[in-house]
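Novice: Residue numbers (UniProt numbering), protein chains in the order written: chain A, 1 to 225; chain B, 1 to 225.
Glycine is no exception: its CB is placed at the ideal position from the N, C-alpha and C atoms.
Structure incoming, see below.
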DNA sequence: CGGAAATCATGACATAAATCATATTAAATC
DNA sequence: GATTTAATATGATTTATGTCATGATTTCCG
């Protein structure tokens, strides 16, 4: 099994602030797990026994709302940690995690994270900064949700996905999502998501080929109202 | 000047996890400040030189959106810390803080917070937990915003305010907000907020007398759709 | 105290977006 | 490869909510 010490994914997150010894322990304890598209990594309300570090692939964090609809809170890619928050606050998860494509995760037992949090100042400060950053971005999302139109949110979602997950050789977004997934991120009905993407296509802001979406006019998307 | 050691407000937040010595230092450095209703405690994009601990009164954290509207992210009452996040992540504030009534804050210089964060594990772990909790609640808010009706959000806002800030002798909510403030929390137009509160009144879910609002039928409010 | 300004209240209307309905196309399964 | 199932597409209609307009109150302040 590969070691955390050399893992690129690890270098992208707070685990990078661990001491050599701590990382060695993590590496010795961790188990690598594979999930297929659609697999549930963990469900809402579960108590986790550790955190998952995304080695490759992308997954979504979702929450079921009272009216039975699923809302996607965040997409998580290489280097991101799933379940960190639940482990820190020692609560059950408030979100579930679902694989969006085939994905490889390393599961790190709780103790390997919590103990260093209590002992290693630089690690715990790093985690804290990450939480602060996440909180800020959650607040920004909240305000976008409250004050921007569905069209704007869709445009921003496309821009965000391109920025964070990049494009393939053809120029199409690397992350492939169904229209339903887009609706769930944007917070709208699936039909509306489809309609808006069709409209963007007509206006030559994007081009599509099945689920592949390519941003053709970034500035235009930014101008959407 | 009063001392932090005995302050009730302090006991409600992470500062309670500080050592006796740390608290003594904080107490020695802190300055107490008074603000009147409407005063801006800090603005969006400022760099803070410390955090503010709410001793008495209530303030709102708001953010200006692209379209020029103000959105209220959170109300902060006794014991809560303002600016904690900006100080931790060493970034400019993303929100501004405005007093909703006459308010007394203790300003604690940055170093008094950041140094203990690097040295006192139990304090930093407490702060971390708080951030994790805030993050969770921001995510919940996001989903409410995405999937609930304006009426539901208004009902929940009233319930939340009653729960967190309580009621006075008459039974009316302790926190007095304008209809515009309600609109800014709920994420709607001021007219809509007014209309919905009028409707709640007609349906005997609440009673009002000027800005005083009393919840008359909690269960009914919970059932609003 | 009295006038100005802000806040609250409501009606009329416009509009974004949800919902319902029904094809069409693509993907999965036998 | 045929058949079922799921995803995409688009039209028609409804509904919630925003916007504009106008008065009535309340609050503020000289």
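Going by the CB atoms, is the gap between residue 41/B and residue 97/B shorter than 8 angstroms?
Specialist: Taking 8 angstroms as the Cβ cut-off, residue 97/B and residue 41/B qualify as a contacting pair.
Novice: For residue 254/B, tell me which candidate among 129/B, 200/B, 212/B, 186/B has the shortest Cα-Cα distance.
Specialist: As displayed, chain B neither begins before 1 nor continues past 225, which places residue 254/B out of reach and without an answer.
Novice: State the Cα-Cα distance for the pair residue 56/A and residue 104/A, rounded to the nearest angstrom.
Specialist: So the two alpha carbons sit approximately 5 angstroms from each other.
Novice: Contact criterion: CB-CB distance below 8 angstroms. Does residue 80/B meet it with respect to chain A?
Specialist: Taking Cβ atoms only, chain A never reaches closer than 8 angstroms to residue 80/B, which makes this a no.
Novice: Given a cut-off of 8 angstroms on the beta-carbon distance, is the pair residue 59/A and residue 30/A in contact?
Specialist: Contact flag unset, no.
Novice: Report the rounded CA-to-CA distance for residue 178/B versus residue 181/A, giving the unit in angstroms.
Specialist: Approximately 38 angstroms, taken between the alpha carbons.
Novice: Around the Cβ of residue 170/B, are there at least 16 other Cβ atoms within 10 angstroms (buried) or fewer (exposed)?
Specialist: When all chains shown are included, residue 170/B counts as exposed.
Novice: Looking only at C-alpha atoms, which of 151/B, 39/B, 44/B, 16/B sits nearest to residue 93/B?
Specialist: That would be 44/B, whose Cα lies nearest to the Cα of residue 93/B.
Novice: List the residues that DSSP assigns as beta-bridge partners of residue 33/B.
Specialist: In DSSP, residue 33/B forms a bridge with 105/B.
Novice: Could you please give me the residues that DSSP links to residue 74/A through a beta bridge?
Specialist: Paired residues: 61/A.
Novice: If I measure Cβ to Cβ from residue 221/A and keep anything under 7 angstroms in the same chain, skipping five residues before and after, which residues do I get?
Specialist: So the list reads 155, 158, 159, 205, 215, once near-sequence residues are dropped.
Novice: Does DSSP put residue 87/B in a helix, a strand or coil?
Specialist: Reduced to three states, the DSSP call for residue 87/B is helix.
Novice: I need the boundaries of the beta strand (DSSP E) containing residue 167/B, first residue and last residue.
Specialist: Neither: residue 167/B is in no beta strand (DSSP E) and is coded neither H nor E.
Novice: For the UniProt domain "HTH crp-type" (148-219) of chain B, list the alpha helix (DSSP H) runs that are entirely contained and at least 4 residues long, ordered along the chain.
Specialist: Within the UniProt domain "HTH crp-type" (148-219) of chain B, the complete alpha helix (DSSP H) runs of at least 4 residues are 150-165, 179-186, 190-202.
Novice: Against chain A, with Cβ distances strictly below 8 angstroms, would residue 124/B count as a contact?
Specialist: At least one chain A Cβ lies under 8 angstroms of residue 124/B.
Novice: What are the partner residues of residue 99/B, as DSSP defines its beta bridges?
Specialist: DSSP, once it has assigned bridges, lists 59/B as partnering residue 99/B.
Novice: Would you report the Cα separation of residue 113/A and residue 50/A, rounded to the nearest angstrom?
Specialist: Rounded to whole angstroms, residue 113/A to residue 50/A spans 8 angstroms at the Cα level.
Novice: Between residue 222/A and chain B, is there a C-beta pair that is closer than 8 angstroms?
Specialist: So, not an interface residue.
Novice: Among 145/B, 116/B, 172/B, which has the Cα closest to the Cα of residue 18/B?
Specialist: Ranking the options by Cα distance to residue 18/B, first place goes to 116/B.
Novice: Can you find a C-beta in chain A that's less than 8 angstroms from the C-beta of residue 49/B?
Specialist: Chain A, which has no Cβ nearer than 8 angstroms to the Cβ of residue 49/B, makes this no.
Novice: DSSP puts residue 226/A in a beta bridge; with which residues?
Specialist: Summary: the structure shown does not reach residue 226/A, with chain A confined to residues 1 through 225, and so no result is reported for it.
Novice: Going by alpha carbons, who is nearest to residue 213/B out of 173/B, 202/B, 35/B?
Specialist: Ranking 173/B, 202/B, 35/B by Cα distance to residue 213/B puts 173/B first.
Novice: For residue 66/A versus residue 71/B, is the C-beta spacing smaller than 8 angstroms?
Specialist: In this structure, residue 71/B does not lie closer than 8 angstroms to residue 66/A by Cβ.
Novice: With residue 40/A as the anchor, note down where its beta strand (DSSP E) starts and where it stops.
Specialist: Counting along the chain, the beta strand (DSSP E) containing residue 40/A begins and ends at 40-42.
Novice: Are the C-beta atoms of residue 97/A and some chain B residue less than 8 angstroms apart?
Specialist: So no, residue 97/A is outside the interface.
Novice: Cβ of residue 85/B less than 8 angstroms from any chain A Cβ?
Specialist: By this cut-off, residue 85/B is an interface position.
Novice: Residue 127/B versus chain A: which residues are under 7 angstroms apart at the beta carbon?
Specialist: What residue 127/B touches in chain A: 128.
Novice: Using DSSP with H/G/I as helix, E/B as strand and the rest coil, what is residue 12/B?
Specialist: Here residue 12/B sits in coil by DSSP.
Novice: Take the Cβ of residue 183/A as the centre, count every other Cβ of all protein chains shown within 10 Å, and call the residue buried at 16 or more, exposed below.
Specialist: Classification for residue 183/A: buried.
Novice: At least one CB of chain A closer than 8 angstroms to the CB of residue 150/B: is that the case?
Specialist: Answer no: the Cβ-Cβ gap between residue 150/B and chain A never drops below 8 angstroms.
Novice: Return the chain-ordered list of same chain residues with a C-beta closer than 7 angstroms to the C-beta of residue 33/A, the five sequence neighbours on each side being excluded.
Specialist: The answer, listed in chain order, is 105, 107.
Novice: Please report the residue range of the alpha helix (DSSP H) in which residue 110/A lies.
Specialist: Per DSSP, residue 110/A belongs to the alpha helix (DSSP H) from 110-119.
Novice: Which residue or residues does DSSP assign as beta-bridge partners of residue 50/A?
Specialist: According to DSSP, residue 50/A bridges with 109/A.
Novice: Of all the CB atoms in chain A, is at least one closer than 8 angstroms to the CB of residue 14/B?
Specialist: For residue 14/B, the answer is no, since every Cβ of chain A falls outside 8 angstroms of its Cβ.
Novice: With distances taken Cα to Cα, identify the nearest neighbour of residue 185/B among 167/B, 152/B, 217/B.
Specialist: The shortest Cα separation from residue 185/B among 167/B, 152/B, 217/B belongs to 152/B.
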